[in-house]
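The block underneath contains the structure these notes are about, expressed in structure tokens.
In our numbering, the protein residues as written are 27 to 686.
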């Protein structure tokens, strides 16, 4: 067998490993009655017959003092992107130290050296971020201070917008944010040099000859009334490249954003105004959002006017559009639905003009059966496009199943359809597995239809007490006018050598990725087809973890509080249902905050974890600093409330959205 054939068979073999392991785990659960519901039998365990516990290899654990931890990692990676070969070697470090008087201190740092095989170019990159969070002062003030590679921030009134997303700007420098509770006053400032994130397994920051400076303030000036203002100046712009990544281009942007909002328990209105000066010229914009809650009904509506060339920071935003929108939703124990209508007009007359409407409904017929569908229609001078979806969810002893049918048609696209089956398999605590099978017909331009079949698997399985397998695999094969082979695999084998040492191997392979034809963007025609270059990588990691501090001190609680843990993932929610399917991709290197104090970044699988979290309610906040365009997180998706139980793992999957 040739080496190339072995590489092509790797994702298929990995899929079989995940599927066989899931089948074995499900069979074991059926055998012991955990799923089939056999009568309960009380069993008495004789302590004298129990085997002795293995020796604890953490004798050096220090229970004195406040919680503190360090994690060091050495990584070697070999990658092939198209015809280019890359070799990266580096080190990563994470540290946390809670103090009684100076808040929580954390450090995140990486440094790596990259060699490019074809032209022999080499360079050394890295990043380091030092945070001080929860620094308390008199009068209810708390401060968060950062130094290193950061992202600009916005006060809650400006960041929590419903209709439009304003991205942050990455930079290397310093930032500070002060908040007063319960007054709601917020003060922010940051300054540094702009750049872009780079690297594969170890992420570095490639600074450019540009600057970033921002300042913002928010205050409550009357009962229910809040105002905020922010200014942002950047040198350089980040634009998408031809491979779905990003490029840094020269050019400066200065922007001003102001907003005022009035809210009560059941209604509210917010008004925003923005002005910018960039290489595209001077531009302004204004928009207003209002909402009303009547029983189980939520109503949102607004207007907007965004001049051509309107900019915010280093990343493009919506512009050259004016119009209005209305949203309505209803939530009940059995019925839930929402509907929306957008009227959009191009100010310059060169972009989209038309209407965009969307309707979604779901009915819970029985406790274990729900079904529904959606319809999206976009009408413009170029014609009418629509996409529809029908689905049914059923929960059985084998887990949660979703049968889904997608169909899209119109003048700007071909006639596309796809039938898919998602299956979440119930496994024991700490393990998860979902699989997706799909078959469909997709048209590319004026060519005849191409039939496509795909298989996907995503999850994590224990292969022993110290060995685990995590990852996702997606394989697609097409026959017809545009026959292609798509492979996407990201698998990690983790070996716990001891309580503090971990050895991990990650294999990543991607070839022939293409767009989903069933997502309608209300502001643009269909995305062009992208045949991304072949990307193969092998990572080897040796990690050391050490935790110290009082075992009774937990994140987000007092000494002696009961605790569990919080784990989850950030992913690209392709079908918009809020649940992570096997075919949906992870969002790597995204920052997640717990109660605004403790920060972690997602790994290559999009996974994150907070150990030893106090029981009760906590807030998770996702900072969309490294999400690929055009994905975004709105206020509802980017902030999640999670309830932690004693000795339990509270899992939360957070899906990024794109305009539909």
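Using N, Cα and C, we set each Cβ at its ideal position, and we do this for glycine too.
Assign residue 402 to one of two classes, buried (16 or more other C-beta atoms within 10 Å of its C-beta) or exposed (fewer than that). The residue you call residue 402 lines up with position 376 of the chain shown. Residue environment analysis places residue 402 among the buried positions, since at least 16 neighbouring C-beta atoms fall within 10 angstroms of its C-beta.
Which whole-angstrom value is the C-beta distance of residue 675 and residue 666, which I expect to be below 8 Å? In the chain shown, the residue the question calls residue 675 occupies position 649. In the chain shown, the residue the question calls residue 666 occupies position 640. Between residue 666 and residue 675 the Cβ distance is about 15 Å, and since that is not below 8 Å, they are no contact.
Based on the DSSP output, what are the partners of residue 644 in its beta bridges? Here the question's residue 644 lines up with position 618 in the chain shown. BP columns for residue 644 point to 668.
Let me confirm a value: residue 422 is counted as buried when at least 16 other C-beta atoms fall within 10 Å, else exposed. Which label applies? Position 396 of the chain shown, counting from 1, holds the residue named residue 422. It counts as exposed.
Taking Cβ to Cβ, would you say residue 245 is nearer than 8 Å to residue 211? By 1-based counting over the chain shown, the position of residue 245 is 219. By 1-based counting over the chain shown, the position of residue 211 is 185. Yes, they are a contact pair.
Can you find the residues in the same chain that come closer than 6 Å, C-beta to C-beta, to residue 346, ignoring five residues on each side of it along the sequence? On the chain shown, position 320 is the one that residue 346 refers to. So the qualifying residues of the chain are 334, 372, 373, 374 and 377.
Secondary structure at residue 407, three-state DSSP: helix, strand or coil? Within the chain shown, numbered from 1, the residue matching residue 407 stands at position 381. It is coil, neither helix nor strand.
Thinking residue 285 and residue 316 are a contact (beta carbons under 8 Å), I'd like their distance in whole angstroms, please. Residue mapping note: residue 285 aligns to position 259 of the chain shown, counting from 1. Residue mapping note: residue 316 aligns to position 290 of the chain shown, counting from 1. For a cut-off of 8 Å, the C-beta gap from residue 285 to residue 316 is around 13 Å, too long to register as a contact.
Short check: CB of residue 135 to CB of residue 122, under 8 Å? Taking the chain shown and counting its residues from 1, the one referred to as residue 135 is at position 109. Taking the chain shown and counting its residues from 1, the one referred to as residue 122 is at position 96. In terms of Cβ geometry, residue 135 and residue 122 do not form a close pair [threshold 8 Å].
Quick one: what's got a C-beta closer than 8 Å to residue 672's C-beta in the same chain, skipping five residues either side? Reading the chain shown from its first residue, position 646 is the one you call residue 672. Excluding sequence neighbours, residue 672 sits near 588, 589, 590 and 641.
Every unbroken alpha helix (DSSP H) inside the region 171-196 [4 residues or more]: The qualifying runs are 182-185.
Three-state secondary structure (DSSP) at residue 676? For the purposes of this step, residue 676 is identified with residue 650 of the chain shown, where counting begins at 1. Three-state DSSP puts residue 676 in a strand.
If we count Cβ pairs, one from each stretch, closer than 8 Å, do we get three or more for the region 456-468 versus the region 481-494? Three or more beta-carbon pairs drawn from the region 456-468 and the region 481-494 are found closer than 8 Å, and the two stretches are therefore classed as touching.
Over the uninterrupted beta strand (DSSP E) stretch that includes residue 245, give me the two end residues. For this step, residue 245 is matched to residue 219 along the chain shown. Counting along the chain, the beta strand (DSSP E) containing residue 245 begins and ends at 230-248.
Range covered by the beta strand (DSSP E) that runs through residue 348: Locating residue 348 in the chain shown gives position 322, where the first residue counts as 1. It spans 347-357 - the beta strand (DSSP E) in which residue 348 sits, taken as one unbroken run.
With DSSP as the reference, identify every bridge partner of residue 368, one or two as the case may be. On the chain shown, residue 368 is found 342 positions in, with the first residue counted as 1. According to DSSP, which records beta bridges pairwise, residue 368 is partnered with 351 and 382.
Would you check if the region 198-216 and the region 161-174 touch, i.e. whether three or more CB-CB distances between them fall below 8 Å? Because the criterion of three Cβ pairs below 8 Å is met, the region 161-174 and the region 198-216 touch.
CB of residue 301 within 8 Å of CB of residue 282, strictly: Walking along the chain shown from the start, residue 301 turns up at place 275. Walking along the chain shown from the start, residue 282 turns up at place 256. Contact: yes.
How about residue 353 and residue 380: do their beta carbons lie closer than 8 Å? As a first step, residue 353 is located in the chain shown; it is residue number 327 there, counting from the start. As a first step, residue 380 is located in the chain shown; it is residue number 354 there, counting from the start. Not closer than 8 Å, so no.
Residue 314 vs residue 296 beta-carbon contact at 8 Å: The residue labelled residue 314 in the question sits at position 288 within the chain shown. The residue labelled residue 296 in the question sits at position 270 within the chain shown. Result yes, Cβ atoms of residue 314 and residue 296 sit closer than 8 Å.
Considering only residues of the same chain and omitting the five flanking positions on each side of residue 173, which have a CB-CB separation below 7 Å? Here the question's residue 173 lines up with position 147 in the chain shown. So the qualifying residues of the chain are 156 and 200.
Between which residues of its own chain and residue 162 is the CB-CB distance below 6 Å, once the five residues before and five after are set aside? As a working mapping, residue 162 is identified with position 136 in the chain shown. So the qualifying residues of the chain are 168.
Among 626, 420 and 593, nearest to residue 95 - alpha-carbon criterion: In the chain shown, counting from the first residue as 1, residue 95 sits at position 69. With distances taken between Cα atoms, residue 95 lies closest to 626.
Roughly how many angstroms separate the alpha carbons of residue 139 and residue 682, rounded to a whole number? Position 113 of the chain shown, counted from the first residue, corresponds to residue 139. Position 656 of the chain shown, counted from the first residue, corresponds to residue 682. In a straight line, the C-alpha of residue 139 is about 31 Å away from that of residue 682.
For residue 436, I'd like the list of residues in its chain whose CB is within less than 7 Å of its CB, leaving aside the five on either flank, ordered along the chain. Translated into positions along the chain shown, residue 436 becomes position 410. Once the five neighbours on either side are set aside, the close Cβ partners of residue 436 are 409, 410, 411 and 412.
Could you tell me if residue 395 is buried or exposed, where buried requires 16 or more neighbouring beta carbons within 10 angstroms of its beta carbon? As a first step, residue 395 is located in the chain shown; it is residue number 369 there, counting from the start. Exposed is the label assigned to residue 395, since fewer than 16 other Cβ atoms lie within 10 Å of its Cβ.
When you compare the CB positions of residue 258 and residue 185, do they come within less than 8 Å of one another, or not? Reading the chain shown from its first residue, position 232 is the one you call residue 258. Reading the chain shown from its first residue, position 159 is the one you call residue 185. No.
Rounded to whole angstroms, what's the CA-CA distance from residue 434 to residue 466? Just pull it up for me. The count along the chain shown starts at 1 and reaches residue 434 at position 408. The count along the chain shown starts at 1 and reaches residue 466 at position 440. In this structure, the CA atom of residue 434 is about 11 Å from the CA atom of residue 466.
With 16 as the cutoff for other CB atoms within 10 Å, does residue 490 come out buried or exposed? Here residue 490 refers to the residue found at position 464 when the chain shown is read from its first residue. Answer is exposed; the Cβ neighbour count stays below 16.
Let's see if you can read the secondary structure: which residues bound the beta strand (DSSP E) around residue 222? Counted from its first residue, the chain shown places residue 222 at position 196. In the DSSP annotation of this structure, the continuous segment of the beta strand (DSSP E) that includes residue 222 starts and ends at 211-224.
Residues near residue 445 in its chain [Cβ-Cβ closer than 6 Å; skip 5 each side]: Sequence index remark: in the chain shown, residue 445 carries index 419 (1-based). Here the set comprises 431 and 465.
Span of the beta strand (DSSP E) holding residue 451? The residue given as residue 451 occupies position 425 in the chain shown. Following the DSSP letters along the chain, one finds residue 451 inside the beta strand (DSSP E) bounded by residues 442-451.
Would the beta-carbon of residue 242 fall within 8 Å of that of residue 220? Taking the chain shown and counting its residues from 1, the one referred to as residue 242 is at position 216. Taking the chain shown and counting its residues from 1, the one referred to as residue 220 is at position 194. Not in contact: residue 242 and residue 220 (Cβ atoms no closer than 8 Å).
Measure the Cβ-Cβ separation of residue 476 and residue 504 and say whether it is below 8 Å. Residue mapping note: residue 476 aligns to position 450 of the chain shown, counting from 1. Residue mapping note: residue 504 aligns to position 478 of the chain shown, counting from 1. In contact: residue 476 and residue 504 (Cβ atoms closer than 8 Å).
By Cβ distance below 6 Å, which residues in the same chain neighbour residue 562 in space, the five residues on each side in sequence not counted? As a working mapping, residue 562 is identified with position 536 in the chain shown. Its chain contains 106 and 535 as the residues whose beta carbon lies nearer than 6 Å to that of residue 562, once the 5 sequence neighbours on both sides are disregarded; these appear in chain order.
Out of 133, 178 and 188, which one is the CA nearest neighbour of residue 659? Numbered from its first residue, the chain shown carries residue 659 at position 633. For the set 133, 178 and 188, the Cα lying nearest the Cα of residue 659 is the one of 188.
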